[in-house]
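Here's the structure we're looking at; comments come further down.
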Amino acid sequence: MTKAKEATTPVLRLTDVQKSFGPVHALKSVSLEIHRGEVIGLIGENGAGKSTLLKILTGIYQPDRGTIAVNGATMKFRNPRDSASAGIGVVHQEQSLFTNLTVAENIAMNGAASKGYGTTFGFYRWGKLNKAAAQTLEIIGSRLNPKTRVGDLSFVDRQMVEIARAISVDTSKNATPLVILDEPTSLLERGETAILEREIRKLKDFGSVIFVSHRLDEIIRNCDRILVMRNGELVADRVTTSVTEDELFKLMVGHESHATKHERRARPVNETPAIEVTGLTRKGKFKNISLSLHPGRVTAIVGTSGSGREEFSRALFGAEKFDGGTIMLNGRAARGWRIPKAVKRGMGFVPAERKVEGMVGGFTAAENIVLTHPGDAAFGPFLKPWKRNKIAQQWFTTLDVRPNDISQNLERFSGGNQQKVVMAKWLNDPELRVLVLDHPLRGLDPGAAETVNEQIKAACKKGTAVILLADTLEEALEMGDDVIVMRDGIVSASYDLTVDNPSTLDLLERMV
Amino acid sequence: MAPTQTSESPADVKVDTAAIRAREQVTARRVVFAGSGEPLALIGAMVVLIAIFSILNPRFATIENLQNVLNQASLPLIIGLGATFVILIGSIDLSVEGVMGASGVAFVLLSANSRGGQDTGIWAWVLPLLLAAALGLTSGLIYTMLRVPSFIVTLGMWFVGFGIATILYGTDAYPELTDDTITLWVAKITFGLPNVFWVAAILTAIMAIVLRFTRFGRVALAIGNNEEIARSNGMPIIKNKIFIFIVAGLFSGLAGILATMQMGGTSNHIGDGYLFITIPAVVIGGTSLGGGKGGMFRTAIGVLLLTILNNGLVLAGVSPSYQSAVSGAILVVAIVATAWPQRGRLRIAK
Amino acid sequence: MTATISDTGTVAVANAEKGKRLRTAGKLWQAGGPLVIFIAMFAVVAILTPAFIGSGGITIVAASAAPILLVALGQAFVLNIGSIDLSNAAITVLGAILLAMLLGPLAFAAPIVVLAMVTLFGAVNGFLLAYTQVPSFALTLGTLGIFKAASLVVSGATTVYVSQNKDVVSPLYTTQLAGLPLTFVLGVVVAVIAYLFLRFTRAGVGMTAIGKNESGAIFSAVRTRALKIVAFALSGFMAGLAGMTIIAQAGSASAMGLGSDLLLPAIAAAIVGGTSISGGVTNPLNVILGALTIALVPIATAAIGVAAEAQNLVYGVVIIVVVALTLTRSRTAIVK
Numbered sequence: 014m015t016k017a018k019e020a021t022t023p024v025l026r027l028t029d030v031q032k033s034f035g036p037v038h039a040l041k042s043v044s045l046e047i048h049r050g051e052v053i054g055l056i057g058e059n060g061a062g063k064s065t066l067l068k069i070l071t072g073i074y075q076p077d078r079g080t081i082a083v084n085g086a087t088m089k090f091r092n093p094r095d096s097a098s099a100g101i102g103v104v105h106q107e108q109s110l111f112t113n114l115t116v117a118e119n120i121a122m123n124g125a126a127s128k129g130y131g132t133t134f135g136f137y138r139w140g141k142l143n144k145a146a147a148q149t150l151e152i153i154g155s156r157l158n159p160k161t162r163v164g165d166l167s168f169v170d171r172q173m174v175e176i177a178r179a180i181s182v183d184t185s186k187n188a189t190p191l192v193i194l195d196e197p198t199s200l201l202e203r204g205e206t207a208i209l210e211r212e213i214r215k216l217k218d219f220g221s222v223i224f225v226s227h228r229l230d231e232i233i234r235n236c237d238r239i240l241v242m243r244n245g246e247l248v249a250d251r252v253t254t255s256v257t258e259d260e261l262f263k264l265m266v267g268h269e270s271h272a273t274k275h276e277r278r279a280r281p282v283n284e285t286p287a288i289e290v291t292g293l294t295r296k297g298k299f300k301n302i303s304l305s306l307h308p309g310r311v312t313a314i315v316g317t318s319g320s321g322r323e324e325f326s327r328a329l330f331g332a333e334k335f336d337g338g339t340i341m342l343n344g345r346a347a348r349g350w351r352i353p354k355a356v357k358r359g360m361g362f363v364p365a366e367r368k369v370e371g372m373v374g375g376f377t378a379a380e381n382i383v384l385t386h387p388g389d390a391a392f393g394p395f396l397k398p399w400k401r402n403k404i405a406q407q408w409f410t411t412l413d414v415r416p417n418d419i420s421q422n423l424e425r426f427s428g429g430n431q432q433k434v435v436m437a438k439w440l441n442d443p444e445l446r447v448l449v450l451d452h453p454l455r456g457l458d459p460g461a462a463e464t465v466n467e468q469i470k471a472a473c474k475k476g477t478a479v480i481l482l483a484d485t486l487e488e489a490l491e492m493g494d495d496v497i498v499m500r501d502g503i504v505s506a507s508y509d510l511t512v513d514n515p516s517t518l519d520l521l522e523r524m525v
Numbered sequence: 002m003a004p005t006q007t008s009e010s011p012a013d014v015k016v017d018t019a020a021i022r023a024r025e026q027v028t029a030r031r032v033v034f035a036g037s038g039e040p041l042a043l044i045g046a047m048v049v050l051i052a053i054f055s056i057l058n059p060r061f062a063t064i065e066n067l068q069n070v071l072n073q074a075s076l077p078l079i080i081g082l083g084a085t086f087v088i089l090i091g092s093i094d095l096s097v098e099g100v101m102g103a104s105g106v107a108f109v110l111l112s113a114n115s116r117g118g119q120d121t122g123i124w125a126w127v128l129p130l131l132l133a134a135a136l137g138l139t140s141g142l143i144y145t146m147l148r149v150p151s152f153i154v155t156l157g158m159w160f161v162g163f164g165i166a167t168i169l170y171g172t173d174a175y176p177e178l179t180d181d182t183i184t185l186w187v188a189k190i191t192f193g194l195p196n197v198f199w200v201a202a203i204l205t206a207i208m209a210i211v212l213r214f215t216r217f218g219r220v221a222l223a224i225g226n227n228e229e230i231a232r233s234n235g236m237p238i239i240k241n242k243i244f245i246f247i248v249a250g251l252f253s254g255l256a257g258i259l260a261t262m263q264m265g266g267t268s269n270h271i272g273d274g275y276l277f278i279t280i281p282a283v284v285i286g287g288t289s290l291g292g293g294k295g296g297m298f299r300t301a302i303g304v305l306l307l308t309i310l311n312n313g314l315v316l317a318g319v320s321p322s323y324q325s326a327v328s329g330a331i332l333v334v335a336i337v338a339t340a341w342p343q344r345g346r347l348r349i350a351k
Numbered sequence: 002m003t004a005t006i007s008d009t010g011t012v013a014v015a016n017a018e019k020g021k022r023l024r025t026a027g028k029l030w031q032a033g034g035p036l037v038i039f040i041a042m043f044a045v046v047a048i049l050t051p052a053f054i055g056s057g058g059i060t061i062v063a064a065s066a067a068p069i070l071l072v073a074l075g076q077a078f079v080l081n082i083g084s085i086d087l088s089n090a091a092i093t094v095l096g097a098i099l100l101a102m103l104l105g106p107l108a109f110a111a112p113i114v115v116l117a118m119v120t121l122f123g124a125v126n127g128f129l130l131a132y133t134q135v136p137s138f139a140l141t142l143g144t145l146g147i148f149k150a151a152s153l154v155v156s157g158a159t160t161v162y163v164s165q166n167k168d169v170v171s172p173l174y175t176t177q178l179a180g181l182p183l184t185f186v187l188g189v190v191v192a193v194i195a196y197l198f199l200r201f202t203r204a205g206v207g208m209t210a211i212g213k214n215e216s217g218a219i220f221s222a223v224r225t226r227a228l229k230i231v232a233f234a235l236s237g238f239m240a241g242l243a244g245m246t247i248i249a250q251a252g253s254a255s256a257m258g259l260g261s262d263l264l265l266p267a268i269a270a271a272i273v274g275g276t277s278i279s280g281g282v283t284n285p286l287n288v289i290l291g292a293l294t295i296a297l298v299p300i301a302t303a304a305i306g307v308a309a310e311a312q313n314l315v316y317g318v319v320i321i322v323v324v325a326l327t328l329t330r331s332r333t334a335i336v337k
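Residue numbers (our numbering), protein chains in the order written: chain A, 14 to 525; chain B, 2 to 351; chain C, 2 to 337.
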């Protein structure tokens, strides 16, 4: 390997790459270079533009502007196949292997190699296939048997297969092995993480790596250079030896923001909590979570994607099971906890996946609003559709839903207006005690986000307790009366914002 | 504000090499036994059934009855081979009985028969098989091109095939094959086994090779495992699916011809009941309705198990009326058993 | 039934595209399609066999449409929640056999007992579907085999004749209302009730919600499991009513006899009546037109000189063509 020569042409060069989704600038001019043998760390908060950048590199999105050059040649990735044949391989959290096929086959499935590789007249030459796979595996130092079914492998071994697949590129066609590891360790045990890290170091000998992780200690341990993204831009490009975790925190968050001082409801002393959770546990997801939430207060839960906060919030609503611990609503224990029961006892839930879980597409906005709590539009099990419109119209006016047409199919509204309707569905319950909001502002424009936040505050004024899984730390600090930080399934810190005044940096430190 | 998390330093990494070794040895051991558990259990069940039925009726464990069982198992096995391929890609073919009817009636009318038709020689084989393949092709095209779910396409195609059989059959007397050499050939014993079973066994071996050694077979497995990844890998999904439906049609058509030979004649109802043996047999053999998992030998075991069960029950004095209940109950139990571990509050089942 | 085990993202995209396409073609079809098809079919029959209209042909069509309509209404309920019931025609036959056997000893109580039994059969289907989460087509294919065998065993594989108390149900067929046999009127009444149920009860709207988006329904506190059981129980109940019309008409029942071929015509009637196989769309009133259209098929095929039994071919083609024309598709969704 002629390293000196390689160093002159970067294996990957992005120049002024931009991407917008409607009015949202997900990427605002990103330029970067990656050289052979480099391990690059890519960090940034949720929504900083990391995933958009990765999707452009893997051909899922096409950039609005800018160029991508591999080994000096400009490329257009129209689909994942193009990107794969250029040598860019991704190892996702959700793996993209065929679990019913063998290791060798999965390695051979890689884009450029998939046509006719190891076959003669459509017949497999298992011997050749296995030998090629064994060679590739040997490069990355794995001794996996190529004949093993991938479904029989452990998680970290499957990642090895993905890495092997990613690097088995056709170098004769100007391709280069560039492996993107997207949060590869978030589902691994400590020991497995160590194995993976060992492999990453080996990869340096013949390829380049982009390592995306929430865990800064990992990034610092493994990477030569660290790129920090914030608000769709690269805000820093640092050599690892000259940077500390503290600095990286600050770069990720930008300005260090504290909870804004506004009227918060202090934790009352002699009042029954609206919801009280003791030692809630689900094996492998979250452990021993307790919280106590009084009417009219907001508890914001923050944590990374593997922190278990989503699973915990779903368990509260009866959407997923839990193995141990208790939930008390208004002083009464929750038994046989399922969604209909939780709703009957005054709970509501706004899911993050709005189109899939939050609403019933195909129903009109009005039908969606009265689906769960029909109020006056029902008489026992019977419905009075003629009353439905009045209720829906009131909510449309209150929430300023546009277009102002309650009998339009909910699918036809914009995301923000759909979310308002989803909120209305729960707010139409006069007895709403606890509202769980899972990323309520996801994908909303600022106007709609403001309306939703106002409604959350209005509901609190009426005595509803709110559990908020916020998109950003700023949002958590602005809306919350309490903030709970979760990491790896446990509560790593909790703050009462009427007393404490943590900064975003403090929260981030407890998260990663 | 120092970082609170402590992790392994790079120096610790060496320790794990032993662990990797150990793990790799475990996987290697698992490879040897991979996938053999279920079939072994089924063979065990078969042995138990044979033992019980032998005690209940001494006629069960005779050479004649064994040949009888293999005779009965052959056609469901042939159909099952095509059905297995279809199910492996996560689809379903319900058109089996209709396609059998169409090819069976076409075959008898093109052969020397009691209605006075002329023997057309090789065409008596080629044309019915082409008809069956065309029905399969139509299913495949509508399924892939018009994106109609396979169960509804093939449900319709079942009755299209049946309708074709009915029209071909017309209103004349039951047509019987007049050439005895044809009718006797299927049940004739060669090397101790009936000819029709040899046909089924050879086809099973061929299909097992196709599944194991051809790109066509492996792509089918990949589609069944995860069609989205298969698509993003640029695999020829549509071509593969259409071809599989043609193969399934051909096998059903061949079964229709062989059934006609077994019966010595045919009506449009020649295929009745075969779907109810085939699908439960494929499923109990361990081919999952979700796709991606299963195989041809598994189907063979499933068919044998079910045939032995039915045959044994009849010999034990149970009315043949119960036959479809046995198949139905086995289908229900098999799919419930497979779906059981995946149950969940938020899981969607249609 | 397109995405049994598919990730939520795909469903989201599918639903989004579904919305776009449904609007124009779909809405139009739902509103007028079944009527247009019925009129076209009727016109064909009227032109080819003018004598048919005058000579009590309407009564004959209505009588043969009655069992199809009842089974189709049950199927429409199941299709509306996004599933399919392949066993309901077998329940009809079993119900008819049970009724024929029980009319003698139980007289007026027999229909009630039989209806209770078939409703329970349907509910068992629904229970298995809701709690084991297996695909409905495979499940009901299995139970179809069981019901078929039950019919054979209960009837002793012969035709069962009603020995006594035949007049408990026979007036259903012999009495006519404006030239229509009471069996058909019964079907129409059931359709109207079904329509009201689906539009004006929380349970009915909940079922439609399941068909349109089951995840959304779950998170909206719709009792999805209970409603699935109810939908299948109703399918069983209506199949039982169809069995009753068969006894009223024929006075006898057998496992291979009248009613055993109802499955496909009934699915075809539901689909021609504007019911979507992907769930969430049905109008029981249009299913009446669908059933009448399907009942005209044998007459039309006879009129153009094809063997009456070739109607099966027509049913098969009709199902495929109507589904292919009305299906809402998306480019990205995976179809199994």
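We put the beta carbon where it would ideally sit given N, CA and C, even for glycine.
Would DSSP call residue i helix, strand or coil?
i: glutamine 76/C; result: helix
i: isoleucine 238/B; result: helix
i: threonine 134/C; result: The question names threonine, yet the displayed sequence has glutamine at residue 134/C. If DSSP states are grouped into helix, strand and coil, glutamine 134/C belongs with coil.
i: valine 336/B; result: In the sequence as presented, valine is not what sits at residue 336/B; that position holds isoleucine. Helix, per DSSP.
i: valine 318/C; result: helix
i: isoleucine 335/C; result: coil
i: threonine 202/C; result: strand
i: phenylalanine 148/C; result: helix
Which partner residues does residue i have in the DSSP bridge list?
i: glutamate 366/A; result: DSSP lists no partner for glutamate 366/A.
Which bits of chain A does residue i rub up against, with CB to CB less than 9 Å?
i: glycine 286/B; result: The contacting residues do not exist; glycine 286/B stays about 16 Å from chain A at best.
i: phenylalanine 201/C; result: Phe395, Leu396, Lys397, Pro398
Just to confirm the assignment, what range does the beta strand (DSSP E) spanning residue i have?
i: alanine 478/A; result: 478-482
i: alanine 223/B; result: Note, alanine 223/B: premise wrong, no beta strand (DSSP E); alpha helix (DSSP H) at 216-226.
On the DSSP letters alone, give me the boundaries of the alpha helix (DSSP H) that residue i sits inside.
i: glutamine 148/A; result: 139-152
i: glutamate 463/A; result: 459-474
i: glutamate 98/B; result: 97-111
Tell whether a beta-carbon distance below 8 Å holds between residue i and residue j.
i: valine 161/C; j: serine 253/C; result: yes
i: glutamate 212/A; j: isoleucine 180/A; result: no
i: threonine 138/C; j: phenylalanine 122/C; result: A small fix is needed here, since residue 138/C is phenylalanine in this sequence, not threonine. Going by C-beta atoms, phenylalanine 138/C is not nearer than 8 Å to phenylalanine 122/C.
i: valine 434/A; j: alanine 378/A; result: yes
Check the Cβ of residue i against every Cβ in chain A and list those closer than 7 Å, keeping chain order.
i: isoleucine 219/C; result: Ile352
Going along chain B, which residues have a C-beta under 8 Å from residue i?
i: leucine 114/A; result: Arg219, Leu222, Ala223, Asn226
Residues of chain B with CB under 9 Å from residue i, in chain order?
i: serine 216/C; result: Leu347, Ile349
Under 7 Å between beta-carbons, which chain C residues line up against residue i? List them in chain order, please.
i: lysine 300/A; result: Ordered by position in chain C, no residue passes the 7 Å Cβ test against lysine 300/A, which lies about 25 Å from the chain.
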